[in-house]
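Report on one structure; see the data block that follows.
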Amino acid sequence: WLCGVLAPPELQEKTLVLVKPDAVQRRLVGNVIQRFERRGFKLVAMKLLQADQGLLDKHYQQLRQKPFYPALLAYMTSGPLVAMVWEGYNVVRSTRAMVGDTDSAAAAAGTIRGDFSMHVSRNVVHASDSVETARREIGFWFQRDELVAWESGDQDYTYGP
Ligand code: UDP
Numbered sequence: 064w065l066c067g068v069l070a071p072p073e074l075q076e077k078t079l080v081l082v083k084p085d086a087v088q089r090r091l092v093g094n095v096i097q098r099f100e101r102r103g104f105k106l107v108a109m110k111l112l113q114a115d116q117g118l119l120d121k122h123y124q125q126l127r128q129k130p131f132y133p134a135l136l137a138y139m140t141s142g143p144l145v146a147m148v149w150e151g152y153n154v155v156r157s158t159r160a161m162v163g164d165t166d167s168a169a170a171a172a173g174t175i176r177g178d179f180s181m182h183v184s185r186n187v188v189h190a191s192d193s194v195e196t197a198r199r200e201i202g203f204w205f206q207r208d209e210l211v212a213w214e215s216g217d218q219d220y221t222y223g224p
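Numbering (the UniProt record's numbering), first residue to last: 64 to 224.
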């Protein structure tokens, strides 16, 4: 069975995606997951949780002084969210492109925000903005043993030999 051929390092780039509380309430979780699956990325961790302020203060440490931070905190703690780690070639940059502009009103049609969101304050998803940020953010949201390394049966058809 598991013949143990590890994917090369460039196929193992990882990013954190959060399906935010508005998207859970609006039953968009499946749709968001489907987009990343269909593209060919590999899901390596996922959980539904209620985030607390401590976790969000770490996750959004760059934004804590912003005037919108209290509202962002209220939004992100308003209900459960889904945290996921996706893996694959160029996943950080590709995922940001699939998510679209932070300001939903400016997000291109076809992106997640451009298709499902009207306003920056309820913009459906988070995706890490660099490989380094992703590494840090994954550490805030997941224990090391919650990430599952698995061999993808369609790797040759997704990436070529
Ligand atoms: N945000 C907001 N108002 C703003 C800017 C940002 O409510 O004027 C929220 C929004 O949910 C956004 C999050 O803060 O997704 C993080 O902002 P960032 O600039 O990091 O954008 P992102 O990386 O999520 O596109």
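Every residue gets a Cβ at the ideal spot worked out from N, C-alpha and C, and that includes glycine.
With distance defined between alpha-carbon atoms, name the residue in the options nearest to residue i.
i, options, result
"residue 200", "79, 133, 92 and 127", "79"
"residue 81", "173, 159 and 216", "159"
"residue 115", "212, 170, 211 and 204", "204"
"residue 215", "208, 223 and 131", "223"
May I ask you to list the residues that DSSP assigns as paired with residue i?
i, result
"residue 221", "Residue 221 pairs with nothing; no bridge assigned."
"residue 77", "150"
"residue 190", "80"
"residue 145", "82 and 111"
Can the beta-carbon of residue i be found less than 8 Å from the beta-carbon of residue j?
i, j, result
"residue 146", "residue 110", "yes"
"residue 163", "residue 177", "yes"
"residue 194", "residue 148", "no"
"residue 70", "residue 206", "no"
"residue 134", "residue 180", "no"
"residue 142", "residue 221", "no"
"residue 182", "residue 170", "no"
"residue 140", "residue 161", "no"
Taking the alpha helix (DSSP H) that residue i falls in, what are its first and last residues?
i, result
"residue 139", "132-139"
"residue 70", "No alpha helix (DSSP H) holds residue 70; DSSP gives it neither H nor E."
"residue 122", "116-122"
Along the chain, where does the beta strand (DSSP E) containing residue i start, and where does it finish?
i, result
"residue 169", "Note, residue 169: premise wrong, no beta strand (DSSP E); not H, not E."
"residue 106", "105-112"
Could one say the Cβ of residue i lies closer than 8 Å to chain B's Cβ atoms, at least one of them?
i, result
"residue 187", "In summary, chain B is missing from the structure at hand, where a single protein chain is found."
Three or more C-beta pairs closer than 8 Å, one from the segment 151-160 and one from the segment 86-97: is that the case here? no
Should the segment 181-199 be called in touch with the segment 80-91, which here means at least 3 C-beta pairs below 8 Å? yes
The segment 193-207 touching the segment 116-125, judged by at least three CB pairs closer than 8 Å: yes
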